[in-house]
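If you're matching positions, the first sequence starts at 43 in the working numbering and goes up one per residue.
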Amino acid sequence: MKLRYQRLRGFQDILLEKIEKLRWCEERWCEVLGRYGYGEIRTPIVEPTDLFLRSVGKGTDIVDKEMYTFESKGGESLTLRPEMTASVVRAYLENGLTRQPGTMKFYYNGPMFRHDQPQAGRYRQFHQVGVEALGSDSPVLDAEVIQTAMALFDAVGAEGVTAQVNSIGCPECRPAFLHDLKDFLNDNLDVIPENLKARIDINPLRLYDAKDDGVAKLLSTFKPITDSLCQGCRDHHDVVLRTLESLGVPFVSNPALMRGLDYYCRTTFEITARSGRKQSSLAGGGRYDYLVEHCGGPATPAIGFSIGVERTLLHLDDKPFDAQRSPQSKVDVYVACTDIAAQEFALILVESLRDNYRVEIDTTGRSLKAQAKSANLRRAKVMLVAGEQEVLSGAIQLKNFATGEQKQVDGKSLSAAVQEVMEGE
RNA sequence: GUGGCUGUAGCUCAGUCGGCAGAGCCCCUGGUUGUGGUCCAGGUGGUCGUGGGUUCGAAUCCCAUCAGCCACCCCA
Numbered sequence: 043m044k045l046r047y048q049r050l051r052g053f054q055d056i057l058l059e060k061i062e063k064l065r066w067c068e069e070r071w072c073e074v075l076g077r078y079g080y081g082e083i084r085t086p087i088v089e090p091t092d093l094f095l096r097s098v099g100k101g102t103d104i105v106d107k108e109m110y111t112f113e114s115k116g117g118e119s120l121t122l123r124p125e126m127t128a129s130v131v132r133a134y135l136e137n138g139l140t141r142q143p144g145t146m147k148f149y150y151n152g153p154m155f156r157h158d159q160p161q162a163g164r165y166r167q168f169h170q171v172g173v174e175a176l177g178s179d180s181p182v183l184d185a186e187v188i189q190t191a192m193a194l195f196d197a198v199g200a201e202g203v204t205a206q207v208n209s210i211g212c213p214e215c216r217p218a219f220l221h222d223l224k225d226f227l228n229d230n231l232d233v234i235p236e237n238l239k240a241r242i243d244i245n246p247l248r249l250y251d252a253k254d255d256g257v258a259k260l261l262s263t264f265k266p267i268t269d270s271l272c273q274g275c276r277d278h279h280d281v282v283l284r285t286l287e288s289l290g291v292p293f294v295s296n297p298a299l300m301r302g303l304d305y306y307c308r309t310t311f312e313i314t315a316r317s318g319r320k321q322s323s324l325a326g327g328g329r330y331d332y333l334v335e336h337c338g339g340p341a342t343p344a345i346g347f348s349i350g351v352e353r354t355l356l357h358l359d360d361k362p363f364d365a366q367r368s369p370q371s372k373v374d375v376y377v378a379c380t381d382i383a384a385q386e387f388a389l390i391l392v393e394s395l396r397d398n399y400r401v402e403i404d405t406t407g408r409s410l411k412a413q414a415k416s417a418n419l420r421r422a423k424v425m426l427v428a429g430e431q432e433v434l435s436g437a438i439q440l441k442n443f444a445t446g447e448q449k450q451v452d453g454k455s456l457s458a459a460v461q462e463v464m465e466g467e
């Protein structure tokens, strides 16, 4: 069959078994996030391009290469959100929440868009579940946020995940480190591949993200950023690490962990899974104490993270999804009908069963043999059979699949008869 | 953006030296005049990704192109 239409590269259909797994995770995540004090936020998928340019930052791959940007009819530049933090900050300010008492804690779950090269666990439209907590600069909150992320993985049974934690300092102490780092890199230009040299001037921290072995080796000989923190950042970082230890959160300190977005400061973290080939970075986050102010609000410290949903699902279950072998949704009662008259009769007769049970009426007109087979595939406990005789008599055949017994029941006693079988399990 | 691998039935794939387009699974029908998992028989289903070229003849060889997967880059 030649397909007339195909989904776009890097996009996906989510259906059948796959969406059941997704919903299973989502339900658990909502539950856990509620227990950690987060309330849901939903924001538009489209925002003015400028919001991301200014918050995520020019010079990052996300805004330079990966945004779905287009022009509206009014000539305004719009962008499909590539991440959520900027939108949450925008919503926080736009809804006048800066004077709310305490810490505002939001969680979100939704699609993000990045025009990246697709591969396993990486899509152009993908889903993130994450949190943003605005209004507290306490290092204990940082630890709680990391703990929250770990709790989300725990809730869906993800194994072998660890948090990597670092501090990238603040505007007070980072410039000195960057200066030294730049000098150091320029003294060792011969080790750095051509394609990475441009980063030295744009954002030298991003050399840490490069997977080049020579560069990694070189940087490991440089002083770790955690040794260059100012007193405030150092104290903050110490408390974060200490609290994580007290909580028993499995983490490792990783001074080479930087983050690709401009707005981070102090605590940054990433949650990684031990796995050979798949995308191992399942979640990332950090503190962004200056973003709210940068967006025109009052100085407001904040921290957040987001989980890559597809990656996490991939990590939970490495069997590739196969729509062909994926069963259709389960039902309690399957109604087999011989013809259209019987379908009509059955639909009316069975209506009240749907108050309590999942009921499928087969309207294909196939052989009863084929319909009974489908009933079984759908895991029905009960099959009802309607044909010419039933239409005439007003009664219906009820078969209990567990016992194989079949009897005739009239319309009035149908509910009770079905209930009897369902509760007999 | 760069490199590697792969495109044949709804799915998974075979197809020899260039010589009639195949198998298994799924689906449908029958065996069982109206009934499930097993079994048996039969059947539906193909623009061989697409477009050119070579050839008497192309799924097969050549060129181009598109798509998928994987890796790099980067990220969730």
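The beta-carbon is built from N, C-alpha and C at its ideal position, and this holds for glycine as well.
Reduced DSSP secondary structure (H/G/I, E/B, other) of residue i
i, result
"Ile438", "strand"
"Tyr330", "coil"
"Lys361", "coil"
"Gly211", "coil"
"Ile234", "coil"
"Gln48", "coil"
"Gln54", "coil"
"Lys259", "helix"
"Gly339", "coil"
"Gly350", "strand"
"Asp254", "coil"
"Lys224", "helix"
"Met43", "coil"
"Lys265", "coil"
Paired residues, beta bridge with residue i - DSSP
i, result
"Ala344", "Leu176"
"Ile244", "DSSP, once it has assigned bridges, lists no residue as partnering Ile244."
"Asp452", "Ala437"
Proximal residues to residue i (C-beta, below 8 angstroms), its chain only, five neighbours per side dropped
i, result
"Gly177", "Gln142, Gly144, Thr145, Met146, Thr342, Pro343 and Ala344"
"Ile104", "Phe94, Val98, Pro124, Glu125, Arg156, Gly302 and Leu303"
"Thr91", "Met109, Thr111, Ser119, Leu120 and Thr121"
"Gly453", "Leu391, Gly436, Ala437 and Ile438"
"Val375", "Val392, Leu395, Tyr399, Arg400, Val401, Glu402, Ala422, Lys423, Val424, Met425, Leu426 and Val460"
Presumed contact (8 angstroms Cβ cut-off) between residue i and residue j, rounded CB distance
i, j, result
"Thr111", "Thr102", "That belief does not hold up - the Cβ atoms of Thr111 and Thr102 are roughly 14 angstroms apart, past 8 angstroms."
"Tyr165", "Phe53", "7 angstroms"
"Ala298", "Ala191", "That pair is no contact at about 20 angstroms."
"Gly338", "Tyr306", "That belief does not hold up - the Cβ atoms of Gly338 and Tyr306 are roughly 19 angstroms apart, past 8 angstroms."
"Val207", "Ser295", "6 angstroms"
"Val173", "Phe148", "7 angstroms"
"Leu456", "Leu395", "7 angstroms"
"Ser209", "Leu271", "6 angstroms"
"Val433", "Leu410", "No, Val433 and Leu410 are not in contact; Cβ-Cβ is about 15 angstroms, not under 8 angstroms."
"His278", "Ala315", "With 8 angstroms as the limit, His278 and Ala315 do not qualify as a contact, their Cβ atoms being about 27 angstroms apart."
Cβ shell of residue i (< 7 angstroms), same chain only, five flanking positions each side left out
i, result
"Gly429", "Thr380 and Ala384"
"Asn230", "Leu260"
"Ile56", "Leu64"
"Phe506", "The chain is shown from 43 up to 467; residue 506 falls before or after that span and cannot be answered."
"Glu386", "none"
Proximal residues to residue i (C-beta, below 6 angstroms), its chain only, five neighbours per side dropped
i, result
"Ser368", "Leu58 and Glu59"
"Arg421", "Lys372"
"Val233", "Gly256 and Leu260"
"Pro292", "Thr204"
"Leu223", "Pro246"
"Gln167", "Phe53, Pro153 and Phe155"
"Ala128", "Leu93, Phe94 and Ser97"
"Gln413", "Ala378 and Asp404"
"Phe195", "Val203"
"Phe363", "Lys60"
Any non-hydrogen atom of the ligand NAD within 7 angstroms of residue i CB
i, result
"Lys253", "The ligand NAD is not part of the structure shown, which contains no ligands of any sort."
- Item | Runs of alpha helix (DSSP H) wholly within the stretch 267-324 (minimum 4 residues, chain order) | 273-289
- Task: Ignoring anything shorter than 4 residues or poking outside the stretch 58-128, list the alpha helix (DSSP H) runs there in chain order.
- Result: 58-77, 91-97 and 103-107
- Query: What residue ranges within the stretch 368-446 form continuous alpha helix (DSSP H) runs of no fewer than 4 residues, ordered along the chain?
  - Reply: With a minimum length of 4 residues, the continuous alpha helix (DSSP H) runs that stay inside the stretch 368-446 are 382-392, 410-419 and 430-435.
- Identify every run of the beta strand (DSSP E) within the stretch 130-205, keeping only runs that are complete inside it and at least 3 residues long; order them along the chain. 146-155 and 167-176
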